[in-house]
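Note sheet for the following structure.
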Amino acid sequence: MTIRTKRLRRLVGARTSRSAQPKVVALGGGMGLSASLAALRRITGDLTAVVTVADDGGSSGRLRDELGVLPPGDLRKALAALCGDDDWGQTWARVIQHRFISEGELHGHAVGNVLIVALWEQLGDHVKALDLVGRLLGAHGRVLPMSAVPLELQAYVRGHDPARPDEVSTVAGQATVALTRGEVQSVHLVPHDPPAVPEAVEAVRDADWVVLGPGSWFSSVIPHLLVPDLLQALTETKARRVLSLNLAPQPGETDGFSPQRHLEVLARHAPKLAFDVVLADEAAVPDQSSLCDAAKRLGGTVELAPVAATDGAPKHDPELLAAAYDRIFRMHGRIGPWR
Numbered sequence: 103m104t105i106r107t108k109r110l111r112r113l114v115g116a117r118t119s120r121s122a123q124p125k126v127v128a129l130g131g132g133m134g135l136s137a138s139l140a141a142l143r144r145i146t147g148d149l150t151a152v153v154t155v156a157d158d159g160g161s162s163g164r165l166r167d168e169l170g171v172l173p174p175g176d177l178r179k180a181l182a183a184l185c186g187d188d189d190w191g192q193t194w195a196r197v198i199q200h201r202f203i204s205e206g207e208l209h210g211h212a213v214g215n216v217l218i219v220a221l222w223e224q225l226g227d228h229v230k231a232l233d234l235v236g237r238l239l240g241a242h243g244r245v246l247p248m249s250a251v252p253l254e255l256q257a258y259v260r261g262h263d264p265a266r267p268d269e270v271s272t273v274a275g276q277a278t279v280a281l282t283r284g285e286v287q288s289v290h291l292v293p294h295d296p297p298a299v300p301e302a303v304e305a306v307r308d309a310d311w312v313v314l315g316p317g318s319w320f321s322s323v324i325p326h327l328l329v330p331d332l333l334q335a336l337t338e339t340k341a342r343r344v345l346s347l348n349l350a351p352q353p354g355e356t357d358g359f360s361p362q363r364h365l366e367v368l369a370r371h372a373p374k375l376a377f378d379v380v381l382a383d384e385a386a387v388p389d390q391s392s393l394c395d396a397a398k399r400l401g402g403t404v405e406l407a408p409v410a411a412t413d414g415a416p417k418h419d420p421e422l423l424a425a426a427y428d429r430i431f432r433m434h435g436r437i438g439p440w441r
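Residue 441, in the working numbering, is where the sequence shown stops; the numbers in between run on with no holes.
Below is the structure:
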């Protein structure tokens, strides 16, 4: 256990002794959500992940096509991120992330994907099955899908075909959108008005803090805003809202995007949604004034903090990100005890 982890745990323990911990809901998908969850589980014991279900690539896509189920991959990654740092948690995190290597049909499938789908078939209930996996893993939080139906992500992309750089075409599938060589203009879901999982809506409405991002902007972050009941809950909740930015543009999906442009495209998809805080790494913000202006248009302020891994890789350090979230919760939170 590092010195920073010990310091964070002492801080959380002191807060817990004084009052209940804040209820936090984190929304997203993929590695971005995993980074946020790995940080948030260090500072609160009341944590819920709401995960996108539009993935159509890899093991998830194969299981989705063959069995007609929700893609389990991003749900699995969220569960792994919520595993503790003890031997039990880290062992199970490795197990569910393990992928089979073979020359047969199992090649590339993740153990956790197969386990989740098996429990869905056994229990006939997405939420109960994920709760059961969470208990098995000793997960420090709950994982919920944003919708109970498999969704297809579609995007309007300018220049998807390099031979027609000015043509706007429709690109279907999360994996294809994420790797497009064109410029994504907007995204939508099929079906267009998917039902939200009621437990996810309830969690957002009952939260003290809601965290959106980081993650693939068009394929993991914005899709949550395209589920009508979930967007309504995000708009109407009394929780404070944090928008957590990426450390760098994503090749293909957001090539050339400035931090403020991420805010602008999000606002186009959900113009009524406001945020209290926009969190960014100072080294990833070349124009702080423009980002502050964009955040102000969303109703919020910018918090700059060192949250990147110190090895130079464009990934978040869970302990630094935890420290940043904790500072935001304390400095921008309610006055007095939680609840």
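Where a beta carbon is used, it is the ideal one built from N, C-alpha and C, also for glycine.
- DSSP places Thr339 outside both helix and strand once states are collapsed to three, so it counts as coil.
- Non-local C-beta neighbours of Leu291 in its own chain, meaning closer than 8 Å and more than five positions away in sequence, comprise Ala156, Leu253, Glu254, Leu255, Gln256, Pro325, Leu328, Val329, ordered along the chain.
- By the criterion of a C-beta distance shorter than 6 Å, Pro416 is surrounded in its chain by Leu349, Ala350, once the five residues flanking it on both sides are discounted.
- DSSP, read as helix, strand or coil, puts Pro408 in coil.
- For the pair Leu332 and Ala302, the Cα-to-Cα distance works out to about 8 Å.
- Under the DSSP assignment, Glu366 falls in the alpha helix (DSSP H) whose first and last residues are 361-371.
- Rounded to the nearest angstrom, the gap between the Cα atoms of Val344 and Gly160 is 31 Å.
- In the displayed model, Pro330 falls within a helix according to three-state DSSP.
- Nearest neighbour of Asp167 by Cα position, chosen from Ala397, Ile198, Val153, Val219, turns out to be Val219.
- As summarised for the segment 183-257, the continuous alpha helix (DSSP H) elements at least 4 residues long and confined to that stretch are 189-199, 213-225, 228-239, given in chain order.
- Using a Cβ distance threshold of 8 Å, Val153 and Val245 count as a contacting pair.
- Between Glu205 and Arg164, the alpha-carbon positions lie close to 16 Å from each other.
- Distance from the Cα of Leu239 is smallest, within the candidate group Ala182, Leu400, Ala411, for Ala182.
- By the neighbour-count criterion, in which 16 or more other beta carbons inside 10 Å mark a residue as buried, His364 falls on the buried side.
- Closest in alpha carbon position to Glu338, among Gly354, Val306, Leu423, is Val306.
- In the structure shown, Leu393 falls within a helical segment according to DSSP collapsed to helix, strand and coil.
- Note on geometry: alpha-carbon atoms of Gln390 and Asp357 lie some 19 Å from one another.
- Secondary structure at Val323: helix, using DSSP grouped into helix, strand and coil.
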